[in-house]
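Q: Here you go, one structure.
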Amino acid sequence: MIAACEMCVGSARSSKCSTTSDVVGYRRAFAGIRSIRLPSHTPRLRSGHVRGRREKPTRAMSLRYIGSKSRLASVLVDLIGPPKATQRLVDGFCGTGAVSLAALDAGWRRFLLNDALLSAGTMAFARLTSQRQAPFDGVDGYEEVIRYLNSLEPDPGFIAHTYSPLSLANCDVERKYFSEENASRIDAIRRSIEDLLAVGDVTEVEYRVLIADLLQATNAVANTAGTYGCFLRDWTSVALKPLRLKPRELLRLDTEVTLEIGDVNSLRTDPTDVVYLDPPYTKRQYAAYYHILESIAYGDAPEVSGVTGLRPWRHNASVFCYSRLAQDAVTDLLLRIAGSRVFMSYSSDGFVDLSELVGVLQAKGETARLCAIQEIGRYRPNRVAGEQAAVQEWLVAINREDASE
Ligand SMILES: C[S@@+](CC[C@H](N)C(=O)[O-])C[C@H]1O[C@@H](n2cnc3c(N)ncnc32)[C@H](O)[C@@H]1O
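With our numbering, the residue at position 17 of the sequence shown is 15, and numbering never jumps.
This is the structure:
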């Protein structure tokens, strides 16, 4: 069933010593939209009507993602608790933003999102964007621009020539991540979103929301078992359905969101922040597993390699994905990162010995404890039916509030 899988982690290389020029570049490119602040208007998140259509609660939208905390998010937020006044929540490995999204219900409104992947940061950012922050005034409204993008003729570009059967014309592999038609739609829509920004029809925030919509629509028609580590030999029925963008349910409350794309070790947080960290805990490198989403998010056309057409990703290899580096990496991060309270999710399945970690933190003077969360079924993209291992999730909690008073 699976045609190709070549997610070898290879030699250990921390992202600190690798070249990160494109990531750093993107940090700069984000300068215009990094901080969004609107007049405070914070009703509770609830269902309602927007432009005549029924709006469902935003948290109903879930995205398939390795290590997503969507099923645990409300439990985690209960443990994190509500903000003190205008305190900021830092989501240091935000992924799809499931925990920050759930934190809205506990009253959090100020967020610093960070992820090494632009595709992940984009998806998380869009989920925390409100109707007022993305009014789409320059294009007659959100639904109108989605209608326009869906009406575009397929136009093959990098995605179609690299990740659909059209790839056979350029290399000796027939890649079947997407049908030719869907891949050509992705190319046409991605190009058009870029044009809308270039001529000023959409703002940078609206642009980011549309890219997130495209990433979500792409996921819905990908011919994969859940990640982009491999494609399937036979077409699934969903992969043959036409790709359609759907307008998301933008928040009815206003948030203040800063998005950073880069290594968590370069993230600057404030001693008054509450920090939530959800590092990878296995050897699966997100930059390799989500390489196609990353190319769509960047809108570039990198030189790719191998059967799966991997974009260069080793500069983004995560130190947390190496068994022999993870213990020190996690310990250093927790000791170094500023925050009045710091939380870290981790799994019994991971590389880090959590009892040892808490012992080291306490020996360094931290008030640290370990909370058991609950048993959950492990997300395995290529799981054989019926094979479901129980995994214990943990939360390491550090409290520096007394120390800072
Ligand atoms: C377990 S997932 C987070 C899932 C997220 N909490 C959610 O619910 O969707 C880990 C994330 O960390 C990111 N990541 C891995 N190494 C990183 C690093 N050194 N700095 C920043 N982000 C990193 C990955 O791209 C991935 O999105």
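Ideal Cβ positions, reconstructed from N, Cα and C, are used throughout, including at glycine.
Since the model is a prediction, treat every value here as computed from it, not as a measurement.
1. Measuring straight from C-alpha to C-alpha, what distance separates I396 and T267?
2. Please state whether the Cβ-Cβ distance between L332 and L352 is less than 9 Å.
3. Tell me the rounded alpha-carbon separation between E301 and I371.
4. Rounded to whole angstroms, what's the CA-CA distance from P41 to A361? Just pull it up for me.
5. Is V97 near ligand 1, going by C-beta to nearest heavy atom under 8 Å?
6. Beta-carbon within less than 6 Å of A285's beta-carbon, same chain only, minus the 5 sequence neighbours each way: which residues are those?
7. How should P240 be labelled, buried or exposed, when 16 other C-beta atoms within 10 angstroms of its C-beta is the threshold for buried?
8. If you follow the beta strand (DSSP E) that T256 is part of, which residue opens it and which one closes it?
9. For a quick check, are the C-beta atoms of Y287 and Y226 less than 9 Å apart?
10. Could you check where the beta strand (DSSP E) with L111 kicks off and where it finishes?
11. Am I right that G297 and R206 are in contact with their C-beta atoms under 8 Å? What's the rounded C-beta distance?
12. Within the continuous beta strand (DSSP E) that includes V73, where are the two ends?
13. Between the alpha carbons of L265 and C228, how many angstroms are there, rounded?
14. Measure the alpha-carbon distance for V389 versus A114 and round it to whole angstroms.
15. Quick check: what's the CA-CA separation for Y175 versus N217?
16. Over the uninterrupted beta strand (DSSP E) stretch that includes V273, give me the two end residues.
17. For V328 and E141, I'd like the C-alpha separation in whole angstroms.
18. Express the C-alpha separation of G357 and F134 in angstroms, rounding to a whole number.
19. Would you check whether ligand 1 has a heavy atom nearer than 8 Å to the C-beta of C319?
20. For ligand 1, is there a heavy atom less than 8 Å away from the beta-carbon of C169?
21. Quick one: residues in its chain with C-beta nearer than 7 Å to the C-beta of N168, no 5 flanking neighbours on either side, listed in chain order?
22. Assuming Q129 and L248 form a contact by the criterion Cβ under 8 Å, report the distance between their Cβ atoms to the nearest whole angstrom.
A: On the basis of the supplied data:
1. Along the sequence shown, read from residue 1 onward, the residue named residue 396 stands at position 398. Along the sequence shown, read from residue 1 onward, the residue named residue 267 stands at position 269. So the two alpha carbons sit approximately 15 Å from each other.
2. The residue given as residue 332 occupies position 334 in the sequence shown. The residue given as residue 352 occupies position 354 in the sequence shown. No, the pair does not count as a contact, with Cβ atoms beyond the cut-off.
3. Start at 1 with the first residue of the sequence shown, and residue 301 comes out as number 303. Start at 1 with the first residue of the sequence shown, and residue 371 comes out as number 373. Each residue's alpha carbon lies about 42 Å from the other.
4. Your numbering for residue 41 matches position 43 in the sequence shown. Your numbering for residue 361 matches position 363 in the sequence shown. Low local confidence applies: a pLDDT of 25 at P41 is under 50, so the model's placement there is unreliable, and no value is given.
5. Here residue 97 is taken as the residue at index 99 of the sequence shown, counted from 1. Checking the Cβ of V97 against ligand 1 gives yes.
6. On the sequence shown, residue 285 is found 287 positions in, with the first residue counted as 1. Within the same chain, A285 has close Cβ partners W311, N314.
7. In the sequence shown, counting from the first residue as 1, residue 240 sits at position 242. Exposed is the call here.
8. In the sequence shown, the residue the question calls residue 256 occupies position 258. Note, T256: beta strand (DSSP E), 254 to 259.
9. Here residue 287 corresponds to residue number 289 of the sequence shown, with the count starting at 1. Here residue 226 corresponds to residue number 228 of the sequence shown, with the count starting at 1. Cβ atoms of Y287 and Y226: closer than 9 Å.
10. Taking the first residue of the sequence shown as 1, we reach residue 111 at position 113. Segment 108 to 113, the beta strand (DSSP E) holding L111.
11. Start at 1 with the first residue of the sequence shown, and residue 297 comes out as number 299. Start at 1 with the first residue of the sequence shown, and residue 206 comes out as number 208. So it is not a contact: roughly 12 Å between Cβ atoms.
12. For the purposes of this step, residue 73 is taken as residue 75 along the sequence shown, with counting starting at 1. First-last for V73: 71 to 78, but that is the alpha helix (DSSP H), not the beta strand (DSSP E).
13. Taking the first residue of the sequence shown as 1, we reach residue 265 at position 267. Taking the first residue of the sequence shown as 1, we reach residue 228 at position 230. Computed Cα separation, rounded: 32 Å.
14. In the sequence shown, residue 389 corresponds to position 391, counting from 1. In the sequence shown, residue 114 corresponds to position 116, counting from 1. Using only the alpha carbons, I get a separation of about 25 Å.
15. As a first step, residue 175 is located in the sequence shown; it is residue number 177 there, counting from the start. As a first step, residue 217 is located in the sequence shown; it is residue number 219 there, counting from the start. Computed Cα separation, rounded: 10 Å.
16. By one-based count along the sequence shown, residue 273 stands at place 275. Where V273 is concerned, the enclosing beta strand (DSSP E) stretches over 272 to 275.
17. For the purposes of this step, residue 328 is identified with residue 330 of the sequence shown, where counting begins at 1. For the purposes of this step, residue 141 is identified with residue 143 of the sequence shown, where counting begins at 1. Rounded to whole angstroms, V328 to E141 spans 43 Å at the Cα level.
18. The count along the sequence shown starts at 1 and reaches residue 134 at position 136. The count along the sequence shown starts at 1 and reaches residue 357 at position 359. For F134 and G357, the distance between alpha carbons rounds to 51 Å.
19. The residue you call residue 319 lines up with position 321 of the sequence shown. True, at least one ligand heavy atom lies under 8 Å from that Cβ.
20. As a working mapping, residue 169 is identified with position 171 in the sequence shown. Every heavy atom of ligand 1 is 8 Å or more from the Cβ of C169, so no.
21. The residue labelled residue 168 in the question sits at position 170 within the sequence shown. Excluding sequence neighbours, N168 sits near H159.
22. As a first step, residue 129 must be located in the sequence shown, where it is residue number 131. As a first step, residue 248 must be located in the sequence shown, where it is residue number 250. With a Cβ gap of about 4 Å, Q129 and L248 count as contacting.
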